Ligand code: IMP
Ligand code: MG
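Numbering (the working numbering), first residue to last: -3 to 177.
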């Protein structure tokens, strides 16, 4: 069973739901004077579950788009170089973009994507990350909406994987060391 590989639960399903609701409400307030709504870019695959939960808590129109960026492979450390494996489907010029990410670790991926989006002349760009590991940062990233700061532990569940496994766990937990060592 997947749960046998989990050392401890960090955020329960209920805690996640509550925080996502708060984040959706905050975003809805901040963009209340933008009648055309937001252009939310989900960073696949990790942010898929957070993205679909979050957009349903936003009371403004949301246009969907997704990108796939790779800096990891199956390794547990960012390689430091970012590759775009799937680009935006739409022109974001003049759009109010919110980049939706599962977790910001070294910051490498988001730093790169932020520059990339800015170059495409969006009207505004904000970053929404469910989790952040500030102690791991190598590049500064301005997180406008952050679910929780977490310590330097390898987490899985709620979209987060280890070697493509555990994404569908409904809670977030620390993976047992023996699973990856
Ligand atoms: P960064 O470029 O180092 O900030 O890496 C961000 C990406 O690394 C995230 O989108 C995740 O896919 C992955 N990542 C970072 N920390 C974890 C973790 O604890 N568990 C699972 N994936 C992680
Ligand atoms: Mg990711």
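From the three backbone atoms N, C-alpha and C, an ideal C-beta is built for every residue, glycine too.
Treat the numbers as computed from the prediction; the structure is a model and nothing was measured.
- Between the ligand IMP and residue 126, a heavy atom-to-CB distance of less than 6 Å is absent.
- Minimum Cα-Cα distance from residue 79 among the listed residues 33, 6, 108 and 7 corresponds to 108.
- From the listed residues 167, 174, 171 and 175, the smallest Cα separation to residue 10 is found for 167.
- Residues of the same chain with a CB within less than 6 Å of the CB of residue 131, apart from the 5 flanking positions on each side, are 148 in chain order.
- A residue is called buried once 16 or more other Cβ atoms fall within 10 Å of its Cβ, and residue 21, having fewer, is exposed.
- Between the ligand IMP and the CB of residue 131, the shortest heavy atom gap is not smaller than 6 Å.
- Taking all protein chains in view, the Cβ of residue 91 is crowded by 16 or more other Cβ atoms within 10 Å, so the residue is classified as buried.
- Residue 96 is bridged by DSSP to 38 and 124.
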